[in-house]
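Read the structure below first, then the notes.
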Amino acid sequence: MSFLYNGVEIASVSFNSHPLSSLKFNGVEVLDDWVEYEFPNANAYFNGPGGMYGFTSARAIEDTGATVYAGEARMLNNVQGNCMRVSTLGDQWITVDFTIPDDWNDARLTSFRTDGTAISNTVLPSWINVYVSPASEQIGDSGQFVRVKQLSSSTNPPISDVYSVSDFASGFNPATICKTLRIRFMHSSTSTTRKTVRSGNFYFKFLIKKNALTTWATNYNVALT
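Just so we're aligned: the sequence shown equals residues 87 to 311 in the working numbering.
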């Protein structure tokens with residue numbers, strides 16, 4: 087939550103020329119700094135001690151005959167190479183939605199990075215698209231998704247690349263609130279044989295209000311280091 091005065095967000099307040107370290111309005115802290123936080127990490131990751139840490143996930147696959155060998159939670163498990171795996175035909179999109187923990191309130195995406203390794207009998211995506219929505223979406227909703235970045239095979243998307251706001255899609259507003267992350271990926275192929283596509287592993291960095299992050303960390307017993 088942001089507090090504005092004449093359209094400008096309040097960053098500091100003084101009383102009798104002395105800066106205040108805390109100021110509440112209707113019980114809500116006004117002077118609440120933004121902090122940057124990456125998820126997953128060594129202290130918080132899917133299927134870790136906190137389970138899903140307040141996230142929810144859903145997936146949809148265009149190929150109705152596809153087989154999921156490892157689900158979407160593997161995409162955010164902080165284990166390189168141990169990612170989502172789907173046996174599917176070429177040119178069939180796989181869509182995954184992750185809703186952000188309620189505790190994070192008005193989180194904003196600042197960057198993301200990818201990791202992945204092509205191993206025997208699997209292929210990497212030819213295309214990856216990352217979106218955010220300011221609403222808590224479910225697959226099938228009409229949606230308010232805004233594309234953050236499209237990665238093609240020419241950029242080797244799953245191999246240790248980092249994308250910040252300056253790399254995001256033209257016109258993307260960095261102040262866009264992120265309530266839902268969407269990742270869509272596919273492997274391009276004219277073959278009629280299904281191949282096992284590996285999603286790669288993802289790491290997302292957010293701006294989150296410090297008090298919101300602290301509340302979330304307390305609820306899930308996460309060390310903020």
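Glycine included, C-beta positions come from ideal geometry on N, C-alpha and C.
Query	Result
Rounded distance between the beta-carbons of Asn-305 and Asp-189, thought under 8 Å	6 Å
Thr-262 - DSSP class collapsed to helix/strand/coil	coil
C-beta contact flag for Val-182 and Ala-144 at 9 Å	yes
Nonlocal neighbours in the same chain, by C-beta distance under 6 Å from Tyr-155, ignoring five residues either side	Arg-171
Cβ neighbours of Ala-298 in the same chain (closer than 7 Å, five flanking residues each side left out)	Asp-189, Trp-190, Asn-191
Exposed unless 16 or more other CB atoms sit within 10 angstroms - verdict on Asn-207	exposed
DSSP bridge partner residues for Val-172 (one or two, in chain order)	Val-154, Val-283
Ala-193 burial status per 10 Å Cβ neighbour count (16 or more: buried)	buried
Host alpha helix (DSSP H) of Thr-301 (start-end)	296-305
Same chain, Cβ closer than 6 Å to Arg-270, neighbours up to 5 away in sequence not counted	Trp-179, Thr-181, Asn-215
Where Ile-186 falls, given that 16 or more other Cβ within 10 Å makes a residue buried	buried
Helix, strand or coil at Met-272 according to DSSP, with G and I counted as helix	strand
Nearest-angstrom Cα separation, counted from Leu-175 out to Thr-278	7 Å
C-beta neighbour in chain C for Asn-127, strict 9 Å	Absent here is chain C; the protein component of the structure consists of one chain.
Endpoints, beta strand (DSSP E) assigned at Asn-215	213-219
Segment limits, beta strand (DSSP E) that includes Trp-120	120-125
Residue closest to Ser-275, alpha-carbon to alpha-carbon, out of Ala-128, Phe-231, Pro-211, Ser-250	Pro-211
Within 9 Å, strictly: CB atoms of Ser-197 and Trp-213	no
Beta strand (DSSP E) segment containing Arg-248, residue limits	In the sequence under discussion, the amino acid at residue 248 is Val, which differs from the Arg named in the question. Val-248 -> beta strand (DSSP E) spans 247-250.
C-beta atoms of Phe-132 and Asn-164 nearer than 9 Å	yes
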